[in-house]
Amino acid sequence: MTPAFNVRVAAVVLLLAALPLVPVYARLANDPFLLTLFTRIVIMALAAVSLNLILGYGGMMSFGHAAYLGIGGYAVGMLAHEGIYSGLVQWPVALAASALFALVIGALSLRTRGVYFIMITLAFAQMAYYVVAGIARYGGDDGLTIYKRSQFFAPLDLSNKIQFYYLCLALLYGGTYFVWRLVNSRFGMVVQGTRSNEVRMRAIGFPTYRYKLVCFVIAGTLCGLAGALLANHNDFISPATMYWTRSGDLIVMVVLGGMASPLGPWFGALVLLVLEEALSSITEYWQIILGPLLLLIVLFARGGIDGMLRTIGGRRA
Amino acid sequence: MSEPLLKVENLSKRFGGIVAADELQLAIARGELHAVIGPNGAGKTTLLAQLSGQLRPDSGRIYFDGRDITTLPMHRRSALGVARSFQITSLFLDLSVLDNVALAVQARSGHSFRFWRNARTDPDLRKPACAALERVGLATRRNDLASALSHGEHRQLELAMALACNPRMLLLDEPMAGLGPEESARMVEMLRALKAELTILLVEHDMEAVFALADRITVMVYGRVIASGRPADIRANKDVRDAYLGEQEAAHG
């Protein structure tokens, strides 16, 4: 095999190099909206990376992953509402609350399989949705405006949009590296083996339930971090963040980008959110175009965008 | 005479009206290759499932090395040294051949809550896995996906995974099923070599292989043991000929 020109490697390198340059380009082109859009893409990519850990690598079809976006976000919003602005308090609380929620949901839902698992994760996320929608103190249905972003030590200022973008990007890079290490570790091999053939895993001596549960909690915690970022980005959090269609968006990102591919969720988040933005500027009925487009990609490019790049790359090499 | 490695007492299992095990008795001595034969539906696979812990018996006891393992879950039995290979090949098809065996090694090397170090380059896992692949003759295919192997190679891979668990006892469920004559002969040779090191319980339909390999044979019909003894005794046993061997010979003739 010669390391000839490979489309997939080229696309990855381009993406890794281009993302840090977005603020520069936004400044030069005098297009502040571009920075806002890409901050959102980076945050959603982090959430999709966390879902990819359980969905892509673990084969756990969770239909309630947006719940952690909401829980992480509400941890920030509620504490800010009570006058606690320090990120060193808010963020650990966001992570801990997400982890705890994942532990409870996982402990119950991972005893089931297939459709039942999907329905139970969906039901719990909807439950969380209705609970926060019912708390009048924190805005209920209307959501909660966050007047002050999380505060950290001196030079770091989250209100500065460029700084905030780079913080999100650093966390995306770090989170993706963390997941990549994880899936290739002994723990990750157990998770992947369980996706592939759980009966066999148990037969050779793995108590698979424990491993799946730990994996589920890690993914939920990481998504809670994305939730804390999202709330800061929007200066707002509402129950809509954890509505089931938002969980669906995350699944689309993972499947579209390429399941069990380290950078697949990045491609998925980028393409989905850019398409959404571009199409909605053309027509009000943009979903009519987006739907079939996604269908085509899923039908004809098994392995998503990353799989497509791999195929093109393979032909060239 | 020392105590048997595996002892089954009064094992019973029913599925509705079907009796898969009826007061079953079985004792397998250390170092023995013990074959279990019987017509289809005799409950041989159900027996293996109960021995490996996949199914819980309705009543009766199972002892391994003197210890009551009747209620132990699968992974605990596997940790004690009971390894099972499956009749219907049950592999990790979307992982590489080496990954398949390395997972079996990993199963026996303590807990796997190790989150950072790359398992695919860990010599503690890869070396024994490669050695097991070498033993079954699959070393050259280690980087292929398991789904790319032929049926015969799947059987070899099954065996490599069982071996990689470093077991004291192998439970083999029809390792020859679906193999061509040449592959079968190779499998018989492999099992003959393993016999020297392990206690093996072999469920098999291939009578030629069974009589070539077994130290003792147990014949099951409808969940019951109708005979147990040396191959020569079994061949001479009238009940067995009536219930099983004759029937097969008739079918083949």
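Each protein sequence line maps, in turn, to chains A and B. Count the first sequence with this note's numbering and you get residues 343 to 659, in order. Count the second sequence with this note's numbering and you get residues 443 to 695, in order. Glycine included, each C-beta is placed from N, C-alpha and C at the ideal position. No experiment lies behind these values; they were computed from the predicted model shown.
> Would a check of beta-carbon distances place L537 (chain B) closer than 9 Å to chain A?
Replying inline: Along the second sequence, one-based indexing puts residue 537 (chain B) at 95. Output row for L537 (chain B): interface = yes.
> Is the beta carbon of T518 (chain A) sitting closer than 9 Å to the one on L605 (chain A)?
Replying inline: In the first sequence, counting from the first residue as 1, residue 518 (chain A) sits at position 176. In the first sequence, counting from the first residue as 1, residue 605 (chain A) sits at position 263. Judged by beta-carbon spacing, L605 (chain A) lies within the 9 Å limit of T518 (chain A), meaning their Cβ atoms are closer than that value.
> Is L491 (chain A) buried or exposed, if buried means 16 or more other CB atoms sit within 10 Å of its CB?
Replying inline: Position 149 of the first sequence holds residue 491 (chain A). For the record, residue 491 (chain A) in the displayed sequence is Arg; it is not Leu. By the 10 Å Cβ count, R491 (chain A) comes out buried.
> Rounded to the nearest angstrom, how far is the Cβ of Q493 (chain A) from that of S428 (chain A), given a contact under 8 Å?
Replying inline: Residue numbering aside, residue 493 (chain A) sits at position 151 when the first sequence is read from its first letter. Residue numbering aside, residue 428 (chain A) sits at position 86 when the first sequence is read from its first letter. Q493 (chain A) to S428 (chain A), Cβ: 6 Å. Contact.
> Expressed to the nearest angstrom, what Euclidean distance is found between the alpha-carbon atoms of F506 (chain B) and I642 (chain B)?
Replying inline: As a position in the second sequence, residue 506 (chain B) is number 64, starting the count at 1. As a position in the second sequence, residue 642 (chain B) is number 200, starting the count at 1. Approximately 13 Å between the Cα atoms of the pair.
>> Quick check on the DSSP output: what are the complete beta strand (DSSP E) runs of length 3 or more inside the segment 563-621 of chain B, in order along the chain?
In response: Secondary structure in the segment 563-621 of chain B: the beta strand (DSSP E) runs of 3 residues or longer, each lying completely within the stretch, are 611-615 in chain order.
> Apart from the five residues just before and just after G482 (chain A), which ones in its own chain have a Cβ nearer than 7 Å to its Cβ?
Replying inline: As a first step, residue 482 (chain A) must be located in the first sequence, where it is residue number 140. Closer than 7 Å at Cβ, skipping near neighbours: A475 and G476.
> Who are the neighbours of N394 (chain A) on chain B, taking C-beta pairs under 7 Å?
Replying inline: Working through the first sequence from its first residue, we reach residue 394 (chain A) at position 52. Chain B residues near N394 (chain A): none, gap ~16 Å exceeds 7 Å.
>> Helix, strand or coil, according to DSSP, for Y664 (chain B) in the structure here?
In response: In the second sequence, counting from the first residue as 1, residue 664 (chain B) sits at position 222. Shown here, Y664 (chain B) sits in coil according to DSSP, grouped into three states, outside any helix or strand.
>> Only counting the same chain, and skipping five residues up and downstream in sequence, which positions put a Cβ closer than 8 Å to that of Q548 (chain B)?
In response: As a working mapping, residue 548 (chain B) is identified with position 106 in the second sequence. S554, A561 and L567.
>> Helix, strand or coil, according to DSSP, for Q534 (chain A) in the structure here?
In response: If you number the first sequence from 1, residue 534 (chain A) lands on position 192. Assignment of Q534 (chain A) by DSSP, reduced to helix, strand and coil, places it in the helix class.
> Which residues, in chain order, does the segment 496-521 of chain B contribute to contact with chain A at a C-beta distance below 9 Å?
Replying inline: The residues in question are Q496, P515, M516, H517, R518, R519, S520 and A521.
> Taking all protein chains shown into account, do 16 or more other C-beta atoms lie within 10 angstroms of the C-beta of A693 (chain B), making it buried, or fewer, making it exposed?
Replying inline: By one-based count along the second sequence, residue 693 (chain B) stands at place 251. Residue placement at A693 (chain B) is flagged as unreliable, the pLDDT there being 49, under the threshold of 50; the coordinate-derived value follows with that caveat. Answer is exposed; the Cβ neighbour count stays below 16.
> Which of the three DSSP states, helix, strand or coil, is assigned to R644 (chain A)?
Replying inline: As a working mapping, residue 644 (chain A) is identified with position 302 in the first sequence. Coil at R644 (chain A), not helix or strand.
> When Cβ atoms are compared, which residues of the segment 525-556 of chain B fall closer than 8 Å to chain A?
Replying inline: Taking 8 Å as the Cβ-Cβ cut-off against chain A, the residues of the segment 525-556 of chain B that qualify are A525, R526, F528, S532, L533, F534, L535, D536, L537, D541, A544, L545, A546, Q548, A549, R550, S554, F555 and R556.
> Apart from the five residues on each side of it in sequence, which residues of its chain come closer than 7 Å, Cβ to Cβ, to D681 (chain B)?
Replying inline: By 1-based counting over the second sequence, the position of residue 681 (chain B) is 239. In its chain, beyond the 5 residues on either side, I668 and A669 have a beta carbon closer than 7 Å to the beta carbon of D681 (chain B).
> Excluding sequence positions up to five away, which residues of its chain have a Cβ less than 7 Å from the Cβ of E474 (chain B)?
Replying inline: In the second sequence, residue 474 (chain B) corresponds to position 32, counting from 1. Answer for E474 (chain B): T641, D657 and R658, listed in chain order.
>> Going by DSSP in three states, R542 (chain A) sits in which element: helix, strand or coil?
In response: For this step, residue 542 (chain A) is matched to residue 200 along the first sequence. DSSP places R542 (chain A) in helix when its eight states are reduced to three.
>> With a threshold of 9 Å between beta carbons, is R562 (chain B) in contact with chain A?
In response: The sequence position of residue 562 (chain B) within the second sequence is 120, counting from 1. Yes, contact with chain A.
> DSSP state of N576 (chain A), grouped into three classes?
Replying inline: Indexing the first sequence from 1 puts residue 576 (chain A) at position 234. The three-state reading of DSSP puts N576 (chain A) in helix, counting H, G and I together.
>> List, in chain order, every chain B residue whose beta-carbon is nearer than 8 Å to that of R542 (chain A).
In response: Within the first sequence, the letter at position 200 stands for residue 542 (chain A). What R542 (chain A) touches in chain B: F528, S532, L533 and F534.
> Name the chain A residues whose beta carbon is nearer than 8 Å to that of R559 (chain B)?
Replying inline: Here residue 559 (chain B) refers to the residue found at position 117 of the second sequence. The contacting residues are S527 and R528.
> Straight-line CA distance for S538 (chain B) to E625 (chain B)?
Replying inline: The residue labelled residue 538 (chain B) in the question sits at position 96 within the second sequence. The residue labelled residue 625 (chain B) in the question sits at position 183 within the second sequence. When rounded, the distance between both Cα atoms is 22 Å.
> Using the beta-carbon of each residue, which ones in chain B are nearer than 8 Å to L564 (chain A)?
Replying inline: Locating residue 564 (chain A) in the first sequence gives position 222, counting from the first residue. Against chain B, the beta carbon of L564 (chain A) has no neighbour under 8 Å; the closest one sits roughly 13 Å away.
> Going by DSSP, which residues form a beta bridge with D510 (chain B)?
Replying inline: Taking the first residue of the second sequence as position 1, residue 510 (chain B) is located at position 68. Listed as beta-bridge partners of D510 (chain B) by DSSP are B:Y505.
>> If contacts are defined as beta-carbon pairs under 8 Å, then L605 (chain B) and R577 (chain B) qualify, I think. What distance do you get, rounded to the angstrom?
In response: What you label residue 605 (chain B) is simply residue 163 of the second sequence in a count that begins at 1. What you label residue 577 (chain B) is simply residue 135 of the second sequence in a count that begins at 1. Right, their Cβ atoms sit about 6 Å apart.
>> I'd like to confirm the pairing. Which residues does DSSP put opposite F410 (chain B) in its beta bridges?
In response: This structure cannot settle anything about residue 410 (chain B), because the visible part of chain B is limited to 443 through 695.
> Taking all protein chains shown into account, do 16 or more other C-beta atoms lie within 10 angstroms of the C-beta of F529 (chain A), making it buried, or fewer, making it exposed?
Replying inline: Sequence index remark: in the first sequence, residue 529 (chain A) carries index 187 (1-based). Its Cβ being crowded by 16 or more others within 10 Å, F529 (chain A) is buried.
> Would DSSP call S622 (chain A) helix, strand or coil?
Replying inline: What you label residue 622 (chain A) is simply residue 280 of the first sequence in a count that begins at 1. Three-state result, S622 (chain A): helix.
> Do we get a CB-CB distance below 9 Å when we pair L493 (chain B) with the residues of chain A?
Replying inline: As a position in the second sequence, residue 493 (chain B) is number 51, starting the count at 1. No, L493 (chain B) does not count as interfacial toward chain A.
> Considering only C-alpha positions, which residue in the set A:V473, A:A512, A:V532 and A:I426 is nearest to I385 (chain A)?
Replying inline: As a position in the first sequence, residue 385 (chain A) is number 43, starting the count at 1. Out of A:V473, A:A512, A:V532 and A:I426, A:A512 has the C-alpha closest to the C-alpha of I385 (chain A).
> What separation, rounded to the nearest whole angstrom, lies between the Cα atoms of S440 (chain A) and I479 (chain B)?
Replying inline: As a first step, residue 440 (chain A) must be located in the first sequence, where it is residue number 98. As a first step, residue 479 (chain B) must be located in the second sequence, where it is residue number 37. Going by the C-alpha atoms only, they are around 54 Å apart.
> At which residue ranges does the segment 397-483 of chain A contain complete alpha helix (DSSP H) runs of 4 or more residues, listed in the order of the chain?
Replying inline: Along the length of the segment 397-483 of chain A, whole alpha helix (DSSP H) runs at least 4 residues long occupy 408-423, 429-451 and 456-475, reported in chain order.
> Since C572 (chain B) meets chain A, which of its residues come closer than 9 Å, beta carbon to beta carbon?
Replying inline: Mapped onto the second sequence, residue 572 (chain B) falls at position 130. Within 9 Å Cβ-Cβ: nothing; C572 (chain B) doesn't reach chain A, min ~16 Å.
>> Using 9 Å as the threshold, is the C-beta distance between A436 (chain A) and A417 (chain A) below it?
In response: Stepping through the first sequence from its first residue, residue 436 (chain A) is reached at position 94. Stepping through the first sequence from its first residue, residue 417 (chain A) is reached at position 75. Their beta carbons are under 9 Å apart, which means A436 (chain A) touches A417 (chain A) by this criterion.
> Would you say A545 (chain A) faces chain B, with C-beta separation under 9 Å as the test?
Replying inline: The residue you call residue 545 (chain A) lines up with position 203 of the first sequence. At least one chain B Cβ lies under 9 Å of A545 (chain A).
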